[in-house]
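Asks:
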Amino acid sequence: MFNAIYLTQEAGLTHAQIRLLDESELPAGDVRVRVDYSTLNYKDGLAITGKAPVVRQFPMIPGIDCCGVVAETSHPDWRVGDAVILNGWGVGERHWGGLAQQARFSGDWLVPLPPGLNSRQAMAIGTAGYTAMLCVLALEGHGLQPGEGEILVTGAGGGVGGIAIALLARKGYRVIASTGRPAERAYLAALGAAEVIDRVELSGPGKPLMKERWVGVVDTVGSHTLANACASTRYNGAVAACGLAQGMDFPATVAPFILRGVTLYGIDSVMVPKERRLRAWNRLALELDPALLEAMTREIPLSQAIAAATELLAGQVRGRLVVNVNA
Ligand code: NDP
Numbered sequence: 019m020f021n022a023i024y025l026t027q028e029a030g031l032t033h034a035q036i037r038l039l040d041e042s043e044l045p046a047g048d049v050r051v052r053v054d055y056s057t058l059n060y061k062d063g064l065a066i067t068g069k070a071p072v073v074r075q076f077p078m079i080p081g082i083d084c085c086g087v088v089a090e091t092s093h094p095d096w097r098v099g100d101a102v103i104l105n106g107w108g109v110g111e112r113h114w115g116g117l118a119q120q121a122r123f124s125g126d127w128l129v130p131l132p133p134g135l136n137s138r139q140a141m142a143i144g145t146a147g148y149t150a151m152l153c154v155l156a157l158e159g160h161g162l163q164p165g166e167g168e169i170l171v172t173g174a175g176g177g178v179g180g181i182a183i184a185l186l187a188r189k190g191y192r193v194i195a196s197t198g199r200p201a202e203r204a205y206l207a208a209l210g211a212a213e214v215i216d217r218v219e220l221s222g223p224g225k226p227l228m229k230e231r232w233v234g235v236v237d238t239v240g241s242h243t244l245a246n247a248c249a250s251t252r253y254n255g256a257v258a259a260c261g262l263a264q265g266m267d268f269p270a271t272v273a274p275f276i277l278r279g280v281t282l283y284g285i286d287s288v289m290v291p292k293e294r295r296l297r298a299w300n301r302l303a304l305e306l307d308p309a310l311l312e313a314m315t316r317e318i319p320l321s322q323a324i325a326a327a328t329e330l331l332a333g334q335v336r337g338r339l340v341v342n343v344n345a
């Protein structure tokens with residue numbers, strides 16, 4: 019038997035509870051994982067509260083990521099006792115997820131816990147940090163180099179934003195952090211932000227083209243912020259768009275793309291091929307300062323994850339929430 023967050027839906031409303039389940043109830047898969055840690059990502063917040071139709075079938079165990087140890091396997095790549103990370107592939111949306119003490123997955127979805135990280139650190143990073151690294155890889159792939167100009171990171175107080183700041187600053191980029199929480203200025207500076215701006219500078223309707231400010235952007239909020247970020251990107255710069263915390267809309271014009279050669283990269287973390295996942299996780303293990311990661315992490319037990327989902331969506335969580343499913 020094991021504990022899990024269990025989501026049901028009635029009359030269009032999502033109900034979340036902690037429930038004791040039997041291993042035999044786990045979905046099909048060739049690897050059973052004894053979960054050590056999961057996390058709360060923005061998408062988990064949406065799933066648990068039912069604020070957006072993230073969950074495709076009920077009942078569902080949410081949790082788009084987890085880290086644990088292989089307990090049973092018939093997959094050729096894995097042995098009992100291997101430490102593994104799971105994120106994406108529709109887990110927590112279509113397939114029972116990681117906010118549970120046990121999970122069963124396809125072995126094809128798993129990546130090994132990279133040397134240098136323990137399972138708590140891997141989930142402090144979680145899908146948020148891994149997505150931040152995918153954004154960094156996109157900007158690097160574009161050819162951006164430290165010293166060429168500033169990089170804007172929006173939603174800086176959140177999980178993706180915080181890890182993006184830490185990664186970019188460590189590489190030598192000058193990072194501008196955009197936040198709605200000016201009280202977190204010292205926290206953002208400690209992560210490596212050289213400058214902190216109020217998100218209201220970017221969150222309202224703007225012009226098709228604005229003063230050229232940054233050479234690259236990691237945007238986690240979408241809507242007018244993404245439009246203004248593109249409109250203020252320097253000639254031949256690049257914008258990596260991964261989130262929608264402000265909105266899913268994109269009220270922009272083509273002007274930055276056709277007049278300034280700006281490139282907009284869409285970042286999806288769910289269906290990324292394995293080779294890129296391995297690259298992202300290995301770079302995170304090497305490049306993310308463990309002390310900074312700890313500074314942006316709060317640990318909660320599984321029993322507090324349901325309440326924390328509402329806090330997360332209200333923008334009240336700073337950095338990352340790691341969930342100890344066995345506490
Ligand atoms: P968090 O909740 O940790 O952070 C989101 C941050 O966005 C908040 O902390 C806040 O930062 C800012 N924000 C919230 N509401 C608004 C608003 N109305 N207007 C402007 N800014 C706002 O979430 P994550 O960091 O985990 O995720 C960020 C986004 O990235 C989410 O939309 C998530 O769905 C997306 N995402 C996408 C992935 C993909 O595969 N493409 C994978 C992972 C995440 P502040 O207080 O500093 O302003």
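Per our numbering, the very first residue in the sequence shown carries number 19; after that it's consecutive. Every residue gets a Cβ at the ideal spot worked out from N, C-alpha and C, and that includes glycine.
#1: Pick out whichever of 46, 55, 66 and 49 has its Cα sitting closest to the Cα of residue 329.
#2: Under the DSSP definition of a beta bridge, which residues are partnered with residue 232?
#3: Under 7 Å: does the beta carbon of residue 27 sit that close to some heavy atom of ligand 1?
#4: Could you spell out the range, first to last residue, of the beta strand (DSSP E) harbouring residue 342?
#5: Could you tell me if the beta carbon of residue 340 falls within a distance shorter than 7 Å of some heavy atom in ligand 1?
#6: Output yes or no for whether 8 Å exceeds the beta carbon distance between residue 98 and residue 88.
#7: Can you name, in chain order, every residue of its own chain whose Cβ lies under 6 Å from the Cβ of residue 91, other than the five neighbours on each side?
#8: Here's a check: name, in chain order, each residue in its chain whose Cβ is nearer than 7 Å to the Cβ of residue 310, leaving out the five neighbours to either side.
#9: For ligand 1, is there a heavy atom less than 7 Å away from the beta-carbon of residue 178?
#10: Kindly indicate which three-state DSSP category residue 266 falls into: helix, strand or coil?
#11: In whole angstroms, give me the CA-to-CA distance for residue 25 and residue 165.
#12: Roughly how far, in whole angstroms, is the beta-carbon of residue 227 from the beta-carbon of residue 274, given that I think they are within contact range, below 8 Å?
#13: For the pair the stretch 131-148 and the stretch 160-175, tell me if three or more CB-CB distances fall below 8 Å.
#14: Could you check which residue in 121, 55, 113 and 146 has the C-alpha nearest to that of residue 236?
#15: Using 8 Å as the cut-off, can you tell me whether the stretch 248-268 makes contact with the stretch 155-164, which would need three or more C-beta pairs spanning the two stretches below that distance?
#16: Among 249, 253, 131 and 138, which one has its Cα closest to the Cα of residue 300?
#17: Answer yes or no: the CB of residue 145 versus the heavy atoms of ligand 1, is any distance below 7 Å?
#18: Measure the alpha-carbon distance for residue 287 versus residue 149 and round it to whole angstroms.
#19: Determine the direct distance from the alpha carbon of residue 124 to that of residue 292, and round the result to whole angstroms.
#20: Once the 5 residues before and after residue 107 are set aside, which same chain residues still bring their CB inside 6 Å of it?
#21: In three-state terms, what does DSSP make of residue 33?
#22: Per DSSP, residue 82 is paired with what?
#23: Any idea if residue 137 is buried or exposed, counting beta-carbon neighbours within 10 angstroms, 16 or more meaning buried?
Replies: Checking against the coordinates, here is how it stands:
#1: For residue 329, the closest alpha carbon among the candidates 46, 55, 66 and 49 is that of 66.
#2: According to DSSP, which records beta bridges pairwise, residue 232 is partnered with 251.
#3: Look at residue 27: its beta carbon is at least 7 Å from all of the heavy atoms in ligand 1.
#4: Here the beta strand (DSSP E) through residue 342 covers 338-342.
#5: The answer is no for residue 340.
#6: Result yes, Cβ atoms of residue 98 and residue 88 sit closer than 8 Å.
#7: If we look at residue 91 and ignore the five residues flanking it on each side, its Cβ neighbours are 49.
#8: Result list for residue 310: 184 and 209, in chain order.
#9: True, at least one ligand heavy atom lies under 7 Å from that Cβ.
#10: Coil.
#11: CA-CA distance, residue 25 to residue 165, rounds to 48 Å.
#12: Contact holds; Cβ gap of about 6 Å.
#13: No contact exists between the stretch 131-148 and the stretch 160-175.
#14: Each of 121, 55, 113 and 146 was checked against the Cα of residue 236, and the nearest Cα belongs to 146.
#15: Per the Cβ contact rule, the stretch 248-268 is in contact with the stretch 155-164 (3 or more Cβ pairs under 8 Å).
#16: Scanning 249, 253, 131 and 138 for the CA closest to the CA of residue 300 turns up 131.
#17: Within the cutoff, so yes.
#18: Within the model, the alpha-carbon separation for residue 287 versus residue 149 is close to 6 Å.
#19: So the two alpha carbons sit approximately 13 Å from each other.
#20: Residues 127 of the same chain have their beta carbon placed closer than 6 Å to that of residue 107, with the five preceding and five following residues left out of the count.
#21: Strand at residue 33.
#22: Answer by DSSP bridge pairing: none, since residue 82 is not bridged.
#23: Around the beta carbon of residue 137, 16 or more other beta carbons lie within 10 angstroms, which makes this residue buried.
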